[in-house]
Amino acid sequence: MADFEIRKKIKSRRVGKLKTMHGVIDTPFFMPIATKGAVKNLSPKELQDLGAQIILGNTYHLWLRPGHDLVKKSGGLQKFMDWDGPMLTDSGGYQVFSLANWKAEKKRDNRGRVKLTEKGAEFRDPLDGKKYFMTPEKSIEIQLALGSDIIMVFDECPPYPCSREYAKRSLERTARWAERCKKYFDKKISNSKLESLKIGSKLKIGNSKLNRPLLFGIVQGSVYKDLRQESARQLVNLGFDGYAIGGVAVGEPREKMKKILEWVLPLLPEDKPRYLMGLGRPEEIAFAVENGIDMFDCVIPTRNARHGSLFVWKYAKIKPSSKNNFYKTINITNEKYKKDFKPLDKNCGCYACQNFSRAYLRHLFSVGEPLAGRLASIHNLNFYLKLMEKLRK
RNA sequence: GGGUGCGUCGCAUAGCGGCAAUUGCUCCAGACUGUAAAUUUGGCGCCCUCCGGGCUUCGCAGGUUCGAGUCCUGCCGCACCCA
1239 MADFEIRKKI
1249 KSRRVGKLKT
1259 MHGVIDTPFF
1269 MPIATKGAVK
1279 NLSPKELQDL
1289 GAQIILGNTY
1299 HLWLRPGHDL
1309 VKKSGGLQKF
1319 MDWDGPMLTD
1329 SGGYQVFSLA
1339 NWKAEKKRDN
1349 RGRVKLTEKG
1359 AEFRDPLDGK
1369 KYFMTPEKSI
1379 EIQLALGSDI
1389 IMVFDECPPY
1399 PCSREYAKRS
1409 LERTARWAER
1419 CKKYFDKKIS
1429 NSKLESLKIG
1439 SKLKIGNSKL
1449 NRPLLFGIVQ
1459 GSVYKDLRQE
1469 SARQLVNLGF
1479 DGYAIGGVAV
1489 GEPREKMKKI
1499 LEWVLPLLPE
1509 DKPRYLMGLG
1519 RPEEIAFAVE
1529 NGIDMFDCVI
1539 PTRNARHGSL
1549 FVWKYAKIKP
1559 SSKNNFYKTI
1569 NITNEKYKKD
1579 FKPLDKNCGC
1589 YACQNFSRAY
1599 LRHLFSVGEP
1609 LAGRLASIHN
1619 LNFYLKLMEK
1629 LRK
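Under the working numbering, think of the first position of the first sequence as 1239, with each following residue one higher.
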């Protein structure tokens, strides 16, 4: 099979399979986020039991701690963290956005956490202030060392609102960075192919597995139609294994996301996977799938879980659509759940819902027991992964 | 019996003549989108036409003062010390 195969197409929605070094993934799929080498609160075994096919790690965080050399020495991130499956790594591009934003919010902190130049981005470790310089080449080098199955180019994710001029300049730089990433990646891969030929007989590369990581480009351009389209064309010209749409859900009005998909998707090759970065709420994911997106990742299910916000199916049999009516969220810490002995979600089969009441979970949150965040994370991830299952039907 | 200190919004604290009154916790509600995040924002005497305004509060009762949580007197309660 090709790296990516569409098995079924219903209008714009695509159901297929994506081949990686660590196995084949059913698309469309959702990636739980394991920024620092762990999905917060959950073990890899639990993730697997929930039906997670692939997880996401972060280049920037793992570079700082424990360091990509150490991870490589341990046999790659999969082995290091005992995740027996595919993994995508984000390039650290998002941190240019989020750490710079953080700096802006905390005006007292004049040290500055991110400095951008043509060469790359200078970061300061939020914990100890130490300087790091990330470049497109460095990002790829780290991702290769981590053993990533899907490598993202190093990009800049501009904030919203963002002026046209800034978006344009940022986009042009991001395009040059994408080219540098690809060049560096191709060089490294062809070198390592020579390496693997030498020991080829010892390597077990089955038919269902790829012998190299995939490299994805990232479409930027903020909320400007021509910039988004220009970005998509540039990346397609360079040629990537897949295409991501970045810089979405950074504070822009909800309708803009729909517009961005409308502008960009027709320009992307049908036979390559498409990844909507950082999205999103369940209805946003459902909408994007209906419009031809194959991959997602988001902190919402795990972060909101830790903060007591749970996703609950509204109906036993749901057909997720772009309409925002197939679920609701409840804040389990609310007083009204104090004596509510019903399951978290009567339509959910997860470990938390099968064994514990709302009253118990509320109690755990109110006394600060770590099990609270664990059970809530299990439930919310189950919700997201089941949602994807439904969207694959 | 004598002495000293202390009583402030659930708890704990600040306040030393202009105060509906600090801060922390608890409590209540909200936010969270390629994780800076088990984080964070708001509310927490009562009432209103809720921008703003009114009323009632700092153990209790008096007093001094234009004005008292703050000063004075007495009482009640608590803590400690000496008998």
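Don't be surprised by glycine CBs; every beta carbon is placed ideally from N, CA and C. Bear in mind that the values here come from a model prediction, so they are computed numbers and not experimental data.
Could you tell me the boundaries of the beta strand (DSSP E) in which residue i lies?
{"i": "residue 1551", "result": "1547-1551"}
{"i": "residue 1243", "result": "1242-1248"}
{"i": "residue 1327", "result": "1325-1328"}
{"i": "residue 1487", "result": "Residue 1487 -> no beta strand (DSSP E), and no H or E assigned at all."}
{"i": "residue 1566", "result": "1565-1569"}
{"i": "residue 1691", "result": "Because the chain spans 1239 through 1631 in this model, residue 1691 falls outside it and cannot be assessed."}
{"i": "residue 1587", "result": "Residue 1587 -> no beta strand (DSSP E), and no H or E assigned at all."}
{"i": "residue 1573", "result": "No beta strand (DSSP E) holds residue 1573; DSSP gives it neither H nor E."}
{"i": "residue 1264", "result": "1261-1265"}
{"i": "residue 1457", "result": "1452-1457"}
{"i": "residue 1256", "result": "1251-1258"}
{"i": "residue 1534", "result": "1533-1535"}
{"i": "residue 1389", "result": "1388-1390"}
What distance in whole Å lies between the Cβ atoms of residue j and residue i, which are believed to be in contact at a cut-off of 8 Å?
{"i": "residue 1615", "j": "residue 1540", "result": "5 Å"}
{"i": "residue 1543", "j": "residue 1618", "result": "4 Å"}
{"i": "residue 1256", "j": "residue 1511", "result": "6 Å"}
{"i": "residue 1318", "j": "residue 1261", "result": "In fact, because the Cβ distance is near 18 Å, the residues do not count as touching under 8 Å."}
{"i": "residue 1599", "j": "residue 1610", "result": "6 Å"}
{"i": "residue 1517", "j": "residue 1459", "result": "Actually they are not in contact, since the Cβ atoms of residue 1517 and residue 1459 sit about 16 Å apart, beyond 8 Å."}
{"i": "residue 1538", "j": "residue 1514", "result": "Actually they are not in contact, since the Cβ atoms of residue 1538 and residue 1514 sit about 13 Å apart, beyond 8 Å."}
{"i": "residue 1461", "j": "residue 1335", "result": "The pair is not a contact, with the Cβ atoms about 15 Å apart (cut-off 8 Å)."}
{"i": "residue 1361", "j": "residue 1337", "result": "6 Å"}
What does the Cβ neighbour count give for residue i, buried or exposed, with the cut at 16 atoms within 10 Å?
{"i": "residue 1393", "result": "buried"}
{"i": "residue 1413", "result": "buried"}
{"i": "residue 1383", "result": "buried"}
{"i": "residue 1608", "result": "exposed"}
{"i": "residue 1355", "result": "exposed"}
{"i": "residue 1468", "result": "buried"}
{"i": "residue 1503", "result": "buried"}
{"i": "residue 1425", "result": "exposed"}
{"i": "residue 1326", "result": "buried"}
{"i": "residue 1443", "result": "In this prediction, residue 1443 has a pLDDT of 43, which is less than 50 and means its spatial position is unreliable; what the coordinates show is noted afterwards. Exposed is the call here."}
{"i": "residue 1423", "result": "buried"}
{"i": "residue 1481", "result": "buried"}
{"i": "residue 1602", "result": "buried"}
{"i": "residue 1579", "result": "exposed"}
Candidates the options: which alpha carbon is nearest residue i's?
{"i": "residue 1288", "options": "1269, 1607, 1295 and 1312", "result": "1269"}
{"i": "residue 1586", "options": "1294, 1255 and 1549", "result": "1549"}
{"i": "residue 1505", "options": "1519, 1457 and 1490", "result": "1457"}
{"i": "residue 1396", "options": "1339, 1249 and 1450", "result": "1339"}
{"i": "residue 1521", "options": "1302, 1621 and 1352", "result": "1621"}
{"i": "residue 1400", "options": "1430, 1314, 1465 and 1365", "result": "1465"}
{"i": "residue 1367", "options": "1411, 1351 and 1516", "result": "1351"}
{"i": "residue 1264", "options": "1271, 1273 and 1253", "result": "1253"}
{"i": "residue 1273", "options": "1292, 1286 and 1266", "result": "1292"}
{"i": "residue 1449", "options": "1369, 1427 and 1315", "result": "1427"}
{"i": "residue 1596", "options": "1588, 1602 and 1581", "result": "1581"}
{"i": "residue 1564", "options": "1531, 1498 and 1519", "result": "1519"}
{"i": "residue 1240", "options": "1500, 1251 and 1258", "result": "1258"}
{"i": "residue 1545", "options": "1612, 1574, 1353 and 1497", "result": "1612"}
{"i": "residue 1536", "options": "1251, 1277, 1250 and 1500", "result": "1277"}
{"i": "residue 1251", "options": "1363, 1423, 1411 and 1532", "result": "1532"}
{"i": "residue 1285", "options": "1322, 1305, 1573 and 1249", "result": "1322"}
{"i": "residue 1402", "options": "1389, 1463 and 1364", "result": "1463"}
{"i": "residue 1604", "options": "1407, 1569 and 1630", "result": "1569"}
{"i": "residue 1572", "options": "1554, 1303 and 1547", "result": "1547"}
Tell me where the alpha helix (DSSP H) around residue i begins and ends.
{"i": "residue 1538", "result": "1538-1544"}
{"i": "residue 1470", "result": "1463-1476"}
{"i": "residue 1287", "result": "1282-1288"}
{"i": "residue 1524", "result": "1520-1528"}
{"i": "residue 1297", "result": "1297-1302"}
{"i": "residue 1609", "result": "1608-1630"}
{"i": "residue 1363", "result": "First-last for residue 1363: undefined, no H or E at that position."}
{"i": "residue 1307", "result": "1306-1311"}
{"i": "residue 1482", "result": "Premise fails: residue 1482 lies in the beta strand (DSSP E), 1480-1483, not in any alpha helix (DSSP H)."}
{"i": "residue 1580", "result": "Here residue 1580 belongs to no alpha helix (DSSP H), and DSSP marks it neither H nor E."}
{"i": "residue 1398", "result": "Taken as a continuous stretch (DSSP letters only), residue 1398 belongs to no alpha helix (DSSP H), as it is neither H nor E."}
Answer yes or no: the CB of residue i versus the heavy atoms of the ligand GDP, is any distance below 7 Å?
{"i": "residue 1486", "result": "With respect to the ligand GDP, the structure shown offers nothing to examine, as it has no ligands at all."}
> Can at least three beta-carbon pairs, one atom from the segment 1243-1257 and one from the segment 1518-1526, be found at a separation below 8 Å?
Replying inline: no
> Per the contact definition of three or more C-beta pairs closer than 8 Å, is the segment 1406-1423 in contact with the segment 1364-1382?
Replying inline: yes
>> Between the segment 1469-1486 and the segment 1449-1456, can you find at least three pairs of beta-carbon atoms closer than 8 Å?
In response: yes
>> Under 8 Å: do the segment 1319-1336 and the segment 1286-1303 share three or more Cβ pairs, one atom per stretch?
In response: With the rule of 3 Cβ pairs closer than 8 Å, the segment 1319-1336 counts as touching the segment 1286-1303.
>> Does the segment 1277-1287 come into contact with the segment 1301-1313, if we say contact requires no fewer than three beta-carbon pairs (one atom in each stretch) closer than 8 Å?
In response: no
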